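Trainee: Right, I'll just put the structure down here and ask away after.
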Amino acid sequence: MAAPMRIFFWFALAFFYAMSLDVVNSMVNDAQLDILSTLACFAVFNALVAHLIAKYETQLAALCALLTGCFGVVVFGVLVWPWFVQMPMWLWAYLIVSLVVFTWLAPILAKKMAKLSAKESN
Numbered sequence: 002m003a004a005p006m007r008i009f010f011w012f013a014l015a016f017f018y019a020m021s022l023d024v025v026n027s028m029v030n031d032a033q034l035d036i037l038s039t040l041a042c043f044a045v046f047n048a049l050v051a052h053l054i055a056k057y058e059t060q061l062a063a064l065c066a067l068l069t070g071c072f073g074v075v076v077f078g079v080l081v082w083p084w085f086v087q088m089p090m091w092l093w094a095y096l097i098v099s100l101v102v103f104t105w106l107a108p109i110l111a112k113k114m115a116k117l118s119a120k121e122s123n
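The sequence shown begins at 2 in this note's numbering and counts up by one.
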């Protein structure tokens with residue numbers, strides 16, 4: 002796929018990431034969870050998004066996750082629509098960094114799971 006089209010898809014993913022993150026954020030706020038439970042909810046959401054990024058972006062997955070996180074949280078979630086203005090900045094950083102880390106870990110975990118599955122089938 003051409004580079005401009007790939008970057009366009011990353012921006013589209015960032016927009017949908019921000020919309021979904023807004024839904025998760027409103028559910029967390031409605032549940033009135035403590036800080037550790039809130040971080041765990043965001044981590045599970047980011048793990049699912051990272052799985053999708055690693056599955057469909059095979060060459061530059063970490064860069065895609067970084068741009069998706071930055072544009073999704075900062076550009077779409079703060080500058081374009083004020084979804085995440087009430088969030089503390091350290092939570093913005095947590096969302097971006099955890100998305101990149103989970104995207105980096107997803108292929109490693111997939112390989113380990115494939116090895117375990119191959120051992121069990123033999």
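Each residue gets a CB set at the ideal place from its N, CA and C atoms; glycine is no exception.
It should be emphasised that the depicted structure is a prediction, and the values quoted were computed from it without experimental measurement.
Below 8 angstroms on the Cβ atoms is my contact criterion, and I expect Phe77 with Phe9 to pass it. Report the Cβ-Cβ distance as a whole number of Å.
Mentor: Locating residue 77 in the sequence shown gives position 76, where the first residue counts as 1. Locating residue 9 in the sequence shown gives position 8, where the first residue counts as 1. 15 angstroms between Cβ atoms; not a contact.
Trainee: Which one of Ala13, Leu22, Trp82 has the shortest CA to CA distance from Leu92?
Mentor: Within the sequence shown, residue 92 is the residue found at index 91, counting from 1. The residue with the shortest Cα to Cα distance from Leu92 is Leu22.
Trainee: Out of Leu106, Ala13, Thr39, which one is the CA nearest neighbour of Val25?
Mentor: Here residue 25 corresponds to residue number 24 of the sequence shown, with the count starting at 1. When each option's Cα is compared against that of Val25, the closest is Thr39.
Trainee: Cβ of Ile8 within 6 angstroms of any heavy atom in the ligand MG?
Mentor: This structure lacks the ligand MG, and indeed carries no ligand of any kind.
Trainee: CA-CA distance, Arg7 and Leu67?
Mentor: Looking up residue 7 in the sequence shown gives position 6. Looking up residue 67 in the sequence shown gives position 66. Distance between the alpha carbons of Arg7 and Leu67 is about 14 angstroms.
Trainee: Smallest Cα separation from Leu53: which of Ala94, Cys42, Val101?
Mentor: Here residue 53 refers to the residue found at position 52 of the sequence shown. When only C-alpha atoms are compared, the closest one is Val101.
Trainee: I need the boundaries of the alpha helix (DSSP H) containing Leu67, first residue and last residue.
Mentor: Against the sequence shown, residue 67 aligns to sequence position 66. Here the alpha helix (DSSP H) through Leu67 covers 62-71.
Trainee: Using the C-alpha atoms, what's the distance from Ala107 back to Ile97?
Mentor: Within the sequence shown, numbered from 1, the residue matching residue 97 stands at position 96. Within the sequence shown, numbered from 1, the residue matching residue 107 stands at position 106. Each residue's alpha carbon lies about 16 angstroms from the other.
Trainee: I'd like to know whether the C-beta atoms of Ser99 and Asn47 end up nearer to each other than 7 angstroms.
Mentor: As a first step, residue 99 is located in the sequence shown; it is residue number 98 there, counting from the start. As a first step, residue 47 is located in the sequence shown; it is residue number 46 there, counting from the start. Yes, the Cβ-Cβ distance between Ser99 and Asn47 is below 7 angstroms.
Trainee: At which residues does the alpha helix (DSSP H) containing Trp105 begin and terminate?
Mentor: Within the sequence shown, numbered from 1, the residue matching residue 105 stands at position 104. Counting along the chain, the alpha helix (DSSP H) containing Trp105 begins and ends at 90-122.
Trainee: Mark Glu58 as exposed unless 16 or more other C-beta atoms lie within 10 angstroms of its C-beta, in which case mark it buried.
Mentor: In the sequence shown, the residue the question calls residue 58 occupies position 57. Label assigned to Glu58: buried.
Trainee: Let me know the secondary structure DSSP gives Ala3 once reduced to three states.
Mentor: Mapped onto the sequence shown, residue 3 falls at position 2. Reduced to three states, the DSSP call for Ala3 is coil.
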